[in-house]
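Last residue of the sequence shown: 214 in the UniProt record's numbering, with the numbers rising by one and none dropped. Glycine included, every Cβ here is placed at the ideal spot set by N, Cα and C.
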Amino acid sequence: MSKPYTEQDLSDIFDSDLVWRRKELSDMKSAIYDADSISRHALLRALVAMSYAHWEGYVRTCATRYFEHLTLRKKFFSDYERQIYVNSMLCRLDSLYQSRTSIKDRCTLINDILDGIGRRFTYINQDLVDTRSNLNTDVVKDICLICGVDSSHFEDKRTFIDLLLLKRRNAIAHGQQEYIRVEEIDDFIANVLSIMSAFRNLLENKVYTKAYAA
Numbered sequence: 001m002s003k004p005y006t007e008q009d010l011s012d013i014f015d016s017d018l019v020w021r022r023k024e025l026s027d028m029k030s031a032i033y034d035a036d037s038i039s040r041h042a043l044l045r046a047l048v049a050m051s052y053a054h055w056e057g058y059v060r061t062c063a064t065r066y067f068e069h070l071t072l073r074k075k076f077f078s079d080y081e082r083q084i085y086v087n088s089m090l091c092r093l094d095s096l097y098q099s100r101t102s103i104k105d106r107c108t109l110i111n112d113i114l115d116g117i118g119r120r121f122t123y124i125n126q127d128l129v130d131t132r133s134n135l136n137t138d139v140v141k142d143i144c145l146i147c148g149v150d151s152s153h154f155e156d157k158r159t160f161i162d163l164l165l166l167k168r169r170n171a172i173a174h175g176q177q178e179y180i181r182v183e184e185i186d187d188f189i190a191n192v193l194s195i196m197s198a199f200r201n202l203l204e205n206k207v208y209t210k211a212y213a214a
């Protein structure tokens, strides 16, 4: 797997990951139109599940690779916006909250927080980008927060994300008889690709403008 050393490397990774997802959705759409009435019903349900999987997978990939790009620069935390340093402590704080740690461990964490700003950003905890297997509007806004990008676009798309995509996907995952109509397919896929591209563009623009810098 190639590493995103440069801005162009990161863009290429974003592109290649989107290409196969877009093709798979296009192939599914063609299969639905070509299917008989019995098969079509099952494929319509599969389209919803697949669309959600690509939405979640692409957001996770883009966010993870964005942070990887920053770690490869091997700069100090002080060279980046404050959120990058805050992120480095979030998973440790979560672990502290969920366990009964000793006073010594708590003191160590506090000292690390106070002293760590002078260290280099070379590692990102894989648990940081957490889609919770339920990438609704509130969750994607949390991911936007840790990435330091504006989430207002996804708030505007809340109805589509939470009701038309997530609610349907969850119903299908729990064995309920939920699907979309054939006449909805074009707009549905277009909206899924739109929110995927929107997230990618936010990160790409941030990288090219170096808006992550302190």
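Distance, residue j Cα to residue i Cα
i: residue 66; j: residue 37; result: 43 Å
i: residue 16; j: residue 177; result: 34 Å
i: residue 139; j: residue 108; result: 30 Å
i: residue 173; j: residue 76; result: 44 Å
i: residue 18; j: residue 124; result: 23 Å
i: residue 20; j: residue 117; result: 39 Å
i: residue 188; j: residue 167; result: 14 Å
i: residue 184; j: residue 111; result: 55 Å
i: residue 175; j: residue 169; result: 10 Å
i: residue 158; j: residue 119; result: 38 Å
i: residue 209; j: residue 83; result: 17 Å
i: residue 78; j: residue 137; result: 31 Å
i: residue 14; j: residue 93; result: 30 Å
i: residue 90; j: residue 33; result: 46 Å
i: residue 171; j: residue 3; result: 37 Å
i: residue 23; j: residue 200; result: 17 Å
i: residue 192; j: residue 101; result: 43 Å
i: residue 12; j: residue 206; result: 15 Å
i: residue 45; j: residue 180; result: 7 Å
i: residue 39; j: residue 26; result: 17 Å
i: residue 182; j: residue 53; result: 20 Å
i: residue 42; j: residue 35; result: 10 Å
i: residue 96; j: residue 126; result: 17 Å
i: residue 58; j: residue 10; result: 13 Å
Beta-carbon separation (whole angstroms), residue i vs residue j, contact threshold 8 Å
i: residue 195; j: residue 154; result: 7 Å
i: residue 71; j: residue 122; result: 5 Å
i: residue 204; j: residue 135; result: Between residue 135 and residue 204 the Cβ distance is about 19 Å, and since that is not below 8 Å, they are no contact.
i: residue 146; j: residue 128; result: 6 Å
i: residue 142; j: residue 202; result: Wrong, their Cβ atoms sit about 14 Å apart, outside the cutoff.
Where residue i falls, given that 16 or more other Cβ within 10 Å makes a residue buried
i: residue 80; result: buried
i: residue 229; result: Because the chain is modelled from 1 through 214, residue 229 falls outside the range shown and cannot be assessed.
i: residue 88; result: buried
i: residue 152; result: exposed
i: residue 163; result: exposed
i: residue 217; result: Look at the range of the chain in this structure, 1 to 214, and you will see that residue 217 is not part of it.
i: residue 50; result: buried
Residue i - partner residues in DSSP beta bridges
i: residue 200; result: Residue 200 is not bridged to any residue.
i: residue 80; result: 213
i: residue 168; result: Answer is none; residue 168 lacks a bridge partner.
i: residue 92; result: According to DSSP, residue 92 bridges with nothing at all.
Chain B within 8 Å of residue i, Cβ atoms only
i: residue 113; result: Of the chains in the structure shown, none is chain B; there is only one protein chain.
What are the complete alpha helix (DSSP H) segments, minimum 4 residues, inside the segment 20-72?
-> 37-72
Could you name each continuous alpha helix (DSSP H) segment of 4 residues or more that falls completely within the segment 97-156, going from the start of the chain to the end?
-> 103-115, 137-147, 152-156
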